[in-house]
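Using the numbering used here, you'd call the opening residue of the sequence shown number 21 and step up by one each time.
Cβ atoms here follow ideal geometry from the backbone N, Cα and C, with glycine treated the same way.
Structure first, then comments.
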Amino acid sequence: MTLEISKLSNGLTVVSDPMPQLESAALGIWVNTGSRNETPAQMGVSHMLEHMAFKGTATRTARGIAEEIEAVGGVINAYTSREQTAFHARVLKEDVPLALDIIGDILTNPAFENGELERERQVVLQELGQVRDTPDDIVFDHLQSEIYQGQPLGWPILGEEKTVNAFDREMLKGYMAAQYRTDGMTLIASGAVNHADIVRLAQEKCGGLTTGLAPAPAPSRYTGGDFRDTQDLEQAHVAYAFPGLSNSDPDYFVAQLYATALGGGTSSRLFQEAREKRGLCYSIYAFSNGFQDSGFLGVYVGTGEKEAAEISAVIAGEMEAIAGDLTEAEVQRARAQLKVSLLMGMERPGTRAEQIAGQLFALGKVQSAAEIVAQLDAIDVAAVKRYAAQIMQAGMPTIAAVGPVARLERHAVFALRFGAPIADAAE
Numbered sequence: 021m022t023l024e025i026s027k028l029s030n031g032l033t034v035v036s037d038p039m040p041q042l043e044s045a046a047l048g049i050w051v052n053t054g055s056r057n058e059t060p061a062q063m064g065v066s067h068m069l070e071h072m073a074f075k076g077t078a079t080r081t082a083r084g085i086a087e088e089i090e091a092v093g094g095v096i097n098a099y100t101s102r103e104q105t106a107f108h109a110r111v112l113k114e115d116v117p118l119a120l121d122i123i124g125d126i127l128t129n130p131a132f133e134n135g136e137l138e139r140e141r142q143v144v145l146q147e148l149g150q151v152r153d154t155p156d157d158i159v160f161d162h163l164q165s166e167i168y169q170g171q172p173l174g175w176p177i178l179g180e181e182k183t184v185n186a187f188d189r190e191m192l193k194g195y196m197a198a199q200y201r202t203d204g205m206t207l208i209a210s211g212a213v214n215h216a217d218i219v220r221l222a223q224e225k226c227g228g229l230t231t232g233l234a235p236a237p238a239p240s241r242y243t244g245g246d247f248r249d250t251q252d253l254e255q256a257h258v259a260y261a262f263p264g265l266s267n268s269d270p271d272y273f274v275a276q277l278y279a280t281a282l283g284g285g286t287s288s289r290l291f292q293e294a295r296e297k298r299g300l301c302y303s304i305y306a307f308s309n310g311f312q313d314s315g316f317l318g319v320y321v322g323t324g325e326k327e328a329a330e331i332s333a334v335i336a337g338e339m340e341a342i343a344g345d346l347t348e349a350e351v352q353r354a355r356a357q358l359k360v361s362l363l364m365g366m367e368r369p370g371t372r373a374e375q376i377a378g379q380l381f382a383l384g385k386v387q388s389a390a391e392i393v394a395q396l397d398a399i400d401v402a403a404v405k406r407y408a409a410q411i412m413q414a415g416m417p418t419i420a421a422v423g424p425v426a427r428l429e430r431h432a433v434f435a436l437r438f439g440a441p442i443a444d445a446a447e
């Protein structure tokens with residue numbers, strides 16, 4: 021990866037990541053602002069703003085934006101996460117100026133027209149309904165809200181009906197003016213690109229962005245808790261979480277290796293024990309999520325009503341076992357999975373751009389694939405086992421469950437398995 025990085029006079033960081041063998045490019049602007057930057061009244065406004073950015077500018081209609089990019093076979097899209105919002109496109113190399121012109125236009129001259137806002141409000145409300153009708157999706161919103169109770173990091177990215185219905189043009193404009201500031205924005209172009217050309221285009225198309233630094237979000241704190249929503253479904257969807265690491269923690273990749281060995285593939289502990297040996301579920305996996313100042317280790321399982329009675333004990337048992345008898349072969353397999361995922365992603369310009377954005381926001385620098393591989397290679401079995409032992413002393417695990425969950429082990433009993441005080445089991 022041969023990167024070139026420049027900073028424009030208005031504070032916007034511009035990164036080019038040339039892949040000369042390609043005929044196309046992926047580019048976009050990443051904003052270091054997401055749902056955790058919102059106030060209670062603004063819950064969901066980051067996501068709504070992402071939608072509204074494509075609904076017209078001072079010079080383009082919503083349909084015009086769609087037709088213009090698709091006339092050259094390109095694709096333009098956006099997404100909102102809890103900490104970032106991204107506006108990105110994929111086009112042939114000769115159409116990079118057009119893509120950047122559109123992205124610059126929607127971020128500097130959004131119309132936020134009232135009629136479009138009313139229509140898009142209904143679209144977002146439909147999206148909310150769709151998520152709530154998808155139990156293996158909504159369970160993660162419940163999990164997040166229990167992990168970070170009463171904190172913006174725990175709020176749903178889509179917001180709630182009450183807040184979405186209250187959004188107006190002035191709120192969108194005010195939020196954008198406060199949060200979309202160049203010191204927290206990065207333009208990244210990967211693929212068939214030239215740095216000098218990207219800088220010149222950025223100066224031309226993005227000169228109108230608001231300068232300065234956005235307010236920092238409130239610090240987050242893992243709280244833990246228990247949420248259960250009994251529904252008449254075929255499966256119980258259960259997600260567990262434990263205090264984890266931020267995405268800038270020195271042991272970030274230790275946590276990734278642990279999660280992969282525990283439940284990252286068909287050879288993992290959880291898959292082999294819960295699905296292959298016991299037949300308790302169809303889907304089960306572990307993951308490690310990092311944010312700017314916190315994180316969590318998570319496990320998801322979709323299981324039957326009867327099987328839900330024993331699944332928690334099985335998961336806790338495998339987590340306890342891996343802390344004591346994790347093998348070199350397991351770490352090697354997990355390391356190989358992470359390496360392959362990383363290196364395959366580096367073959368796709370869109371993935372490269374996203375990885376660059378994430379690293380710049382988390383670390384203030386970009387690590388090469390070789391540097392990341394070296395970090396993975398330096399992690400031994402003892403380091404992963406130490407992390408596994410820490411998880412077993414988490415004290416306050418989190419459970420979120422949706423479906424026929426009446427037989428699921430009580431939270432207090434589950435917490436005992438992870439070092440919670442014995443007195444808590446009486447709750």
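Residues of its chain near residue i, where Cβ-Cβ distance is below 7 Å and the 5 sequence neighbours each way are ignored
| i | result |
| --- | --- |
| residue 334 | 293, 294, 298, 300 |
| residue 447 | Any reading at residue 447 must be qualified, since the residue scores a pLDDT of 48, below 50, and its modelled position is unreliable; the value itself is stated next. Answer for residue 447: 432, listed in chain order. |
| residue 32 | 202, 205, 207, 222, 226, 229 |
| residue 445 | Low per-residue confidence applies at residue 445: pLDDT is 49, beneath 50, and the placement is therefore not dependable enough to give any value. |
| residue 394 | none |
Chain-order list of residues whose beta-carbon lies under 8 Å from that of residue i (same chain, five-residue window excluded)
| i | result |
| --- | --- |
| residue 30 | 202, 226, 227, 229, 231 |
| residue 369 | 37, 39, 42, 44, 45, 46, 110, 210, 211 |
| residue 70 | 98, 99, 100, 105, 107 |
| residue 72 | 130, 132, 136, 137, 140, 192 |
| residue 340 | 412, 437 |
| residue 336 | 434, 437, 438 |
| residue 184 | 64, 68, 141, 144, 145, 148, 178 |
DSSP state of residue i mapped onto helix, strand, coil
| i | result |
| --- | --- |
| residue 92 | coil |
| residue 262 | strand |
| residue 201 | strand |
| residue 40 | coil |
| residue 242 | coil |
| residue 439 | coil |
| residue 308 | strand |
| residue 317 | strand |
| residue 405 | helix |
| residue 107 | strand |
| residue 168 | coil |
| residue 247 | strand |
| residue 425 | coil |
| residue 419 | strand |
| residue 414 | coil |
| residue 236 | coil |
| residue 100 | strand |
| residue 332 | helix |
| residue 253 | coil |
| residue 112 | strand |
| residue 230 | strand |
| residue 390 | helix |
| residue 151 | helix |
| residue 179 | coil |
| residue 269 | coil |
| residue 196 | helix |
| residue 285 | coil |
| residue 159 | helix |
| residue 399 | coil |
| residue 188 | coil |
| residue 366 | coil |
For residue j and residue i, believed in contact at Cβ under 8 Å, the rounded distance
| i | j | result |
| --- | --- | --- |
| residue 317 | residue 262 | 5 Å |
| residue 245 | residue 180 | With 8 Å as the limit, residue 245 and residue 180 do not qualify as a contact, their Cβ atoms being about 19 Å apart. |
| residue 306 | residue 283 | 3 Å |
| residue 125 | residue 79 | 7 Å |
| residue 384 | residue 375 | About 15 Å separates the two Cβ atoms, so there is no contact after all. |
| residue 256 | residue 328 | 4 Å |
| residue 102 | residue 173 | 6 Å |
| residue 57 | residue 66 | 7 Å |
| residue 178 | residue 64 | 5 Å |
| residue 399 | residue 253 | Not a contact, Cβ separation roughly 39 Å. |
| residue 171 | residue 83 | Not a contact, Cβ separation roughly 39 Å. |
| residue 403 | residue 274 | 5 Å |
| residue 449 | residue 89 | The structure shown does not extend to residue 449, since the chain is modelled only from 21 to 447, so the question has no answer here. |
Cutoff 6 Å; reference residue i; Cβ partners in own chain excluding five residues on either side
| i | result |
| --- | --- |
| residue 249 | 422 |
| residue 289 | 282, 338, 342 |
| residue 267 | 310, 382 |
| residue 355 | 396 |
| residue 315 | 264, 265, 266, 309 |
| residue 243 | 169 |
| residue 93 | none |
Sheet register partners of residue i (DSSP bridge)
| i | result |
| --- | --- |
| residue 130 | 77 |
| residue 33 | 27, 206 |
| residue 303 | 322 |
| residue 49 | 107, 207 |
Quiz prompt | Contact the stretch 208-222 vs the stretch 384-392: 3+ CB pairs below 8 Å | solution = no
Exercise. Determine, using beta-carbon pairs with one atom in the stretch 414-429 and one in the stretch 353-367, whether at least three such pairs fall under 8 Å.
Key: no
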